[in-house]
Amino acid sequence: MSAANAAALELRGVSARYGPSVVLRDVDLSVRPGETVALLGPNGAGKTTLLRSAAGLPVGVSGSVYLGGSDVTRARSHRRSRAGLCLVPEGRAIFPNLTVAENIRLHGRSGREAAERVFEAFPILAERRSQRAGLMSGGQQQMLALARCLTTDPQVVLLDEVSMGLAPRIVDEIFDALQLLARSGVAILLVEQYVGKALAMADRVYVLDRGRISWTGTPSETSEDDLMNRYLSVDAGS
Numbered sequence: 001m002s003a004a005n006a007a008a009l010e011l012r013g014v015s016a017r018y019g020p021s022v023v024l025r026d027v028d029l030s031v032r033p034g035e036t037v038a039l040l041g042p043n044g045a046g047k048t049t050l051l052r053s054a055a056g057l058p059v060g061v062s063g064s065v066y067l068g069g070s071d072v073t074r075a076r077s078h079r080r081s082r083a084g085l086c087l088v089p090e091g092r093a094i095f096p097n098l099t100v101a102e103n104i105r106l107h108g109r110s111g112r113e114a115a116e117r118v119f120e121a122f123p124i125l126a127e128r129r130s131q132r133a134g135l136m137s138g139g140q141q142q143m144l145a146l147a148r149c150l151t152t153d154p155q156v157v158l159l160d161e162v163s164m165g166l167a168p169r170i171v172d173e174i175f176d177a178l179q180l181l182a183r184s185g186v187a188i189l190l191v192e193q194y195v196g197k198a199l200a201m202a203d204r205v206y207v208l209d210r211g212r213i214s215w216t217g218t219p220s221e222t223s224e225d226d227l228m229n230r231y232l233s234v235d236a237g238s
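Quick note: the sequence shown uses the UniProt record's numbering, first residue 1, plus one each step.
This is the structure we're talking about:
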């Protein structure tokens with residue numbers, strides 16, 4: 001595959017384990033530039049492990065990972081980050097004792113211009129740039145975690161439950177920012193608890209169940225009710 005036609009992110013035959021426990025089994029997945037892909041599945045399906053495997057974080061992994069057509073399977077997380085991949089993990093990875101502006105400067109590689117673009121995308125962060133991050137609301141901290149990622153000029157963004165515990169208005173603001181990001185050509189792989197939100201934003205969907213891809217398609221080929229009944233409910237697959 002030529003670089004011009006390469007997926008922004010591609011996993012080929014990826015399996016992962018924690019000690020003796022196999023968490024992912026022979027997963028194939030791809031995200032094209034400017035595409036938003038939703039990764040859905042019940043609790044314990046392996047979604048977070050898949051994101052960590054793509055990001056190069058410590059997991060026992062086999063298979064291959066490609067960024068923009070380049071094989072990064074053996075590259076550690078910091079090298080994948082430099083190659084344009086950014087993970088926004090569940091749990092708001094920020095420095096609570098630093099100010100908003102310091103958090104952004106510390107994470108970014110593109111200087112003041114990138115920081116100002118982030119402040120344009122999240123005006124509330126601009127208003128609070130001198131405030132300690134730990135004193136902000138949970139929603140504002142999640143915005144900051146995403147903003148820190150955006151200052152690296154990523155080509156691929158991995159998001160793990162960014163809406164967890166947030167008010168609907170804040171969730172809407174974050175999803176609006178993600179849509180603008182995708183329109184700029186960034187590839188997005190989104191793990192999301194709100195299935196309806198994910199379907200409204202995604203170009204394609206993968207359903208992960210017990211470490212395997214059980215379904216993939218477009219939102220037009222399914223519905224929230226269908227996914228919940230067939231794959232995501234407590235009784236599905238039992």
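Where is the CB? At the ideal position from N, CA and C, for every residue including glycine. In this text, all values refer to a predicted model and were calculated from it rather than measured experimentally.
Around Leu-11, the same chain offers Val-27, Asp-28, Leu-29, Ala-54, Gly-63 and Val-65 as residues with beta carbons nearer than 7 angstroms, after the five sequence neighbours per side are excluded. Asp-209 and Tyr-194 do not touch by the CB rule: their CB atoms are close to 18 angstroms apart, not below 8 angstroms. Apart from the 5 residues on each side of it in sequence, Leu-57 sits with its Cβ closer than 8 angstroms to the Cβ of Ser-77 and Leu-87 in its chain, given in chain order. Cys-86 is bridged by DSSP to Val-157. Closest option to Glu-192, judged by alpha-carbon separation, among Tyr-206, Ser-137, Ser-184 and Cys-149: Tyr-206.
Taking 8 angstroms as the cut-off, the Cβ atoms of Ala-182 and Leu-40 do not count as close. The C-alpha of Gly-46 lies about 6 angstroms from the C-alpha of Leu-24. Short of 7 angstroms from the beta carbon of Ala-93, and not among the five residues preceding or following it, lie these beta carbons of its own chain, in chain order: Ala-145. Around the C-beta of Thr-218, fewer than 16 other C-beta atoms lie within 10 Å, and the residue is accordingly described as exposed.
Using a C-beta cut-off of 8 angstroms, the region 153–164 makes no contact with the region 120–132, since fewer than three inter-stretch Cβ pairs fall below that distance.
Per DSSP, reduced to three states, the secondary structure at Tyr-206 is strand. When the beta-carbon positions are compared, Ala-8 and Gly-68 come within less than 8 angstroms of each other. Between the region 131–140 and the region 158–173, the count of C-beta pairs closer than 8 angstroms reaches three or more; the two stretches touch.
Per DSSP, the continuous beta strand (DSSP E) segment holding Ala-16 begins and ends at 9–18. Looking from the CA of Ala-6, the closest CA among Glu-221, Asp-71, Tyr-18 and Thr-48 belongs to Asp-71. DSSP lists Val-205 as the bridge partner or partners of Gly-217. Our two residues, Val-37 and Glu-224, have alpha carbons roughly 15 angstroms apart in a direct line.
Shown here for Gly-211: same chain residues with a beta carbon closer than 6 angstroms to its own, the five before and five after excluded, namely Val-23, Leu-24, Arg-25 and Gly-46 in chain order. With at least 16 other beta carbons inside 10 angstroms of its own, Arg-80 counts as buried. If one requires a minimum length of 4 residues, the alpha helix (DSSP H) runs lying completely within the region 109–196 are 111–121, 123–127, 138–150 and 168–183, in chain order.
Judged by their CB atoms, Leu-51 and Asp-160 are nearer to each other than the 8 angstroms cut-off. Taking the Cα of Thr-99 as reference, the smallest distance to any Cα among Val-59, Arg-148 and Thr-73 is reached at Arg-148.
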